[in-house]
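Going by our numbering, 47 is the number at position 53 of the sequence shown; the sequence numbering is gapless.
All C-beta atoms, glycine included, are put in the ideal place defined by N, C-alpha and C.
Reading through the structure tokens given below for one structure.
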Amino acid sequence: MYRVLCDDIPIFDPRDEELVLINPVVKPELNASGSFEFKIPPAHPQYGVPVRMLSTVQVFQDDVELFNGRIVEDSTDFYNRRTCYCEGQLAYLNDSIQ
């Protein structure tokens, strides 16, 4: 069973009919940051919770963490669905100065 948390608040849980995401796709990569993309409908109870470059998104399969990262792109379509694109934790190093 998959679960998605945003700032420790559940935004996807198959046991709850209100917590639904549209087309969630996890793309893990070897020796790279990986990505996670999803759409959140406007009727979602946590529609306003994800904040670009501030929120932490976690994807779990059972109790195993598959993805951990932050939202880097956020847009809204004609139907007011938010499309969020997340990059993995390894990409945090791009913001540091060595």
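Rounded to whole angstroms, how far is the Cβ of residue i from the Cβ of residue j, which I believe are closer than 8 Å?
i, j, result
"residue 51", "residue 14", "In fact, because the Cβ distance is near 16 Å, the residues do not count as touching under 8 Å."
"residue 32", "residue 16", "7 Å"
With a Cβ-Cβ cutoff of 8 Å, do residue i and residue j count as a contact?
i, j, result
"residue 80", "residue 64", "yes"
"residue 39", "residue 75", "no"
"residue 72", "residue -4", "no"
Taking Cβ positions only, does residue i come closer than 8 Å to chain C?
i, result
"residue 23", "Judged by its chain identifiers, the structure shown contains no chain C, having just a single protein chain."
Excluding the five sequence neighbours on either side, which residues of its own chain have a C-beta within less than 6 Å of the C-beta of residue i, listed in chain order?
i, result
"residue 0", "43, 44, 49, 51"
"residue 26", "none"
Within a Cβ cutoff of 8 Å, which residues of the same chain sit near residue i, ignoring the five residues on either side of it in sequence?
i, result
"residue 47", "64, 65, 66"
"residue 84", "26, 27, 28"
Between residue i and the ligand COA, is there a pair consisting of the residue's CB and a ligand heavy atom that are separated by less than 7 Å?
i, result
"residue 17", "By its list of ligands, the structure shown contains no ligand whatsoever, and the ligand COA lies outside what it can speak to."
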